[in-house]
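Residue numbers for the sequence shown follow our numbering, so the first one is 1 and each next one is one higher.
Note that the Cβ used here is the ideal one computed from N, Cα and C, for glycine as well.
All figures in this text were calculated on a predicted structure; none of them were measured in a lab.
Report on the structure given below.
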Amino acid sequence: MNILAIGAHPDDIEMQCAGTLALYAAAGHKVFMAVATNGNVGSPTHTRDEIGAIRRKEQEASCAIIGAELIWMNFDDEWLFNDRPTRTVFLDAIRRAQPDVMFIHSLNDYHPDHRIAGQIAEDCRIPASVRLVETALPHCPKIPHVFYMDNCAGVGFEPECYVDISSVIDTKRRMLRCHESQDTWIRAIYEDASITDLMERVSGIRGAVADCGYAEGFRELKTYPRTGSPALLPNLA
C-alpha cells in the first residue's frame, strides 16, 4: 500500500503518527510525509529564511529514518489558507502519493494551520481522484481511506482505534529528535519540556488505555464513500 500523512508543520507528523508510519514502512509499504508549511516562524533567534531552511533539513533527516518520501509544500508558517492555489498544491501532494491510506489533522486541533491543513486534505480526498479536476499531476485511481491523527497533547480528541507502537517507540523518538530546533522553540514559548517528553506523555496515556506500553490514537473519516476500515491500520491494540 501507499501511505500518506499530511501535517501542517515539520514535526507534526512525527508527534502524532510516526510510530504507525514506522510500522507501515517496516512491513514494506511505501510511506509519504507531506508537510504543508515550512515552519519559518518557529524560532526565538533565527530569521525566517534561516529557520525555514533548518526545518526542511530536519524534516529530511526524519523522513530518512524510515525511508519515507518527503513532499514539501513550502507555505509560510501561520499563513495557511483554504483557497484554490493551496488546494491545488494539496491535490498534487495526494496525487503524487496515490495513497491507499491517508492521515490528516483533526478539525478541532488547537492550531489554525492544523485545522486548515486537515480541512483541505479532507476536502481534497475525493477531487484528487476526479479526472477533470485538472492539476499538474494525473488523478488518483482510487479514493483513499482517511484517519484523523490525535490532537496536540491529546486535548479534545477521543480515539476510537489504537496502534501499539511500543516496538517502534525508539524510532519515533529518533524521528522527533531530528527536529532539534523545536526543542528550543517549545521550551521558549510553551513549557520546560523536550519535544520527546511531550510525545511520550501522550503516547503513554494512549498506551495505558490500549493496554500496551505506547500507542497512537486515531479516528476514521466516515463520510461517503466508505473506502476501508480500521483493519487498514497496523498492529491494532
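Short Cβ contact (7 Å threshold) for residue i with residue j
i: Ile143; j: Ile6; result: no
i: Phe90; j: Ile120; result: yes
i: Ile3; j: Val31; result: yes
i: Ile195; j: Asp183; result: yes
i: Met175; j: Ser62; result: yes
i: Asn40; j: Ile54; result: no
i: Leu23; j: Val202; result: no
i: Met33; j: Leu70; result: yes
i: Tyr148; j: Arg219; result: yes
i: Asn151; j: Ile116; result: no
i: His29; j: Met73; result: no
Expected contact under 8 Å - CB spacing of residue i and residue j to nearest Å
i: His250; j: Gly228; result: Residue numbering for the chain in the displayed model covers 1 to 237; residue 250 lies beyond these limits and cannot be assessed.
i: Ala231; j: Val163; result: Rounded, the Cβ-Cβ distance is 12 Å, inconsistent with contact.
i: Asp12; j: His114; result: 7 Å
i: Asp76; j: Thr37; result: 6 Å
i: Ala18; j: Lys172; result: 4 Å
Coarse secondary structure for residue i, derived from DSSP in three states
i: Tyr184; result: This sequence places Thr at residue 184; Tyr is not what is there. Three-state result, Thr184: helix.
i: Met1; result: coil
i: Ala68; result: coil
i: Arg226; result: coil
i: Leu221; result: coil
i: Glu216; result: strand
i: Gly207; result: helix
Minimum Cβ-Cβ distance from residue i to chain B less than 7 Å
i: Tyr214; result: No chain B is part of this structure, which consists of one protein chain only.
Any chance you could list the alpha helix (DSSP H) runs of at least 4 consecutive residues sitting entirely within the stretch 73–131, in chain order?
As far as the stretch 73–131 is concerned, its whole alpha helix (DSSP H) runs of at least 4 residues are 84–97 and 112–124.
Contiguous beta strand (DSSP E) assignments of at least 3 residues, all confined to the stretch 141–205
The DSSP assignment places complete beta strand (DSSP E) segments of no fewer than 3 residues inside the stretch 141–205 at 145–149 and 161–164, in order along the chain.
Please specify which runs of the beta strand (DSSP E), each continuous and at least 3 residues long, are wholly inside the stretch 11–38, giving them in chain order.
Complete beta strand (DSSP E) runs here, min 3: 30–37.
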